[in-house]
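One structure is given here, and the rest of the page talks about it.
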Amino acid sequence: MNQQTFKQTSLNYGYIVVGAALVGIAYNLFLLPAQLAAGGVSGISTILYELYGTKPALVQAIINLPLFIVGFLTLGKDFSVKSLIGTMMVPLTIFLTEGLVAKGSHDAFLSSIYGGIVLGVGLGLVYRGGGSTGGTAALAQILKKYANISSGFSQLIVDGFVVVASAFVFSFELALYALISIFVTSKVIDFVQLQTGDNKLVFIITNNEERVTSLIYEHVNRGVTQVQSFGAFSKRERALLLCVMEQREAIYFKQIISTEEPDSFVIFLNASEILGRGFSMAKVYGNKK
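Residue 100 in numbering that gives the first Met the number 0 sits at position 101 of the sequence shown; the count goes up by one each step and never skips.
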């Protein structure tokens, strides 16, 4: 194993440990105090805690371990040491931070929002590290494999069952707040995994591609890709330029293009994740060829 591989592997395990710890903290600080059974094994442990007073950490460990074994035997390569670390780290954190429950938020709305955010950040980090927190995610993948349905739908079925059950144990209102938490969590996971930011993908359709390209190079120092395109009605050939910019660069470029090339047709789109020089790697300055 070379130094770069070792560094990346260590970083991945760091993501999993920190992410799983955040998942456990979100549970004790927001979800359990507010009685939000936001799907998954954590939701089941919340329901059992309300009904029988069982320790959530113990319940999650007892449920997660056999689910991990079944998932490993059924799914094979989708489960690994990383998944085992994430699976057991969550109940361990819940056990070690039990004192947070008494200090946690009992407001269902605030807990659904902030709990969803912290939970989403934690799960996003775990997934970015190539791990898993086990639980019903394994059950959903098994359901997907044998029922021939999508991952999203299989996860919805599993989590939906837990949320519906919580409506009978707690209240219909708390079940709705749990759905809010699930929604927030899913959005934050995407944000963390895809590193969604304020970057913009800019499409420029122009008859003066050399001039527009020069404006981009001179004012925002970004690379440009040119594609030849044809108008469907006019049948005329025009250049289609593609460029990715940071938001502040896109705002500045909008002012420049509006003044210098007002006849160009420009589209600004949000870009979820960008890999390459100037974004995931250091930007290189100098003359463009």
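Don't be surprised by glycine CBs; every beta carbon is placed ideally from N, CA and C.
In the DSSP assignment, find the unbroken beta strand (DSSP E) run with residue i in it and report its ends.
{"i": "Thr224", "result": "224-229"}
{"i": "Asn269", "result": "264-269"}
Could you tell me how far apart the beta carbons of residue i and residue j are, in whole angstroms, since I believe they sit closer than 8 Å?
{"i": "Val187", "j": "Gly123", "result": "6 Å"}
{"i": "Ala238", "j": "Glu259", "result": "No, Ala238 and Glu259 are not in contact; Cβ-Cβ is about 16 Å, not under 8 Å."}
{"i": "Leu200", "j": "Leu268", "result": "5 Å"}
{"i": "Leu178", "j": "Gly103", "result": "With 8 Å as the limit, Leu178 and Gly103 do not qualify as a contact, their Cβ atoms being about 20 Å apart."}
{"i": "Thr86", "j": "Gly133", "result": "3 Å"}
{"i": "His218", "j": "Phe252", "result": "6 Å"}
For residue i, name the three-state secondary structure that DSSP assigns.
{"i": "Glu245", "result": "coil"}
{"i": "Glu236", "result": "strand"}
{"i": "Thr212", "result": "helix"}
{"i": "Thr258", "result": "helix"}
{"i": "Thr132", "result": "coil"}
{"i": "Thr205", "result": "strand"}
{"i": "Thr53", "result": "coil"}
{"i": "Asn147", "result": "coil"}
{"i": "Gly70", "result": "helix"}
Go through its chain and collect everything with a Cβ distance to residue i's Cβ below 6 Å, but skip five positions before and after it.
{"i": "Ala60", "result": "Pro90"}
{"i": "Phe94", "result": "Ala56"}
{"i": "Asn11", "result": "Gly128, Gly129"}
{"i": "Ala203", "result": "The question names Ala, but residue 203 in the sequence shown is Ile. So the list reads Val211, Leu240, Ser263, Val265, once near-sequence residues are dropped."}
{"i": "Leu99", "result": "Asn27, Leu28"}
{"i": "Gly159", "result": "none"}
May I ask which residues mark the beginning and end of the alpha helix (DSSP H) holding residue i?
{"i": "Phe94", "result": "80-95"}
{"i": "Val219", "result": "That residue, Val219, is in no alpha helix (DSSP H); it is neither H nor E in DSSP."}
{"i": "Ser299", "result": "Because the chain spans 0 through 288 in this model, residue 299 falls outside it and cannot be assessed."}
Apart from the five residues on each side of it in sequence, which residues of its chain come closer than 8 Å, Cβ to Cβ, to residue i?
{"i": "Thr212", "result": "Val223, Gln225, Leu240"}
{"i": "Leu21", "result": "Val117, Leu118, Val120, Gly121, Leu124"}
{"i": "Ser9", "result": "none"}
{"i": "Lys81", "result": "Asn11, Tyr12, Ile15, Gly128, Gly129, Gly130, Ser131"}
{"i": "Val162", "result": "Ala36, Ala37, Gly38, Gly42, Ala174, Ala177, Leu178, Ile181"}
Residues in the same chain with beta-carbon distance under 7 Å from residue i, minus the five sequence neighbours each way, listed in chain order, please.
{"i": "Thr96", "result": "Gly23, Ile24, Asn27"}
{"i": "Ser44", "result": "Pro55, Val58, Gln59"}
{"i": "Ala107", "result": "Ala33, Leu35, Leu173, Tyr176"}
Taking 8 Å as the threshold (beta carbon to beta carbon), is residue i in contact with chain D?
{"i": "Asn220", "result": "In summary, chain D is missing from the structure at hand, where a single protein chain is found."}
Checklist entry - Fully enclosed by the segment 153-203, which alpha helix (DSSP H) runs are 4 residues long or longer? => result 171-193
Item to check | Every unbroken alpha helix (DSSP H) within the segment 0-49, with a cutoff of 4 residues, ordered by chain | outcome: 2-25
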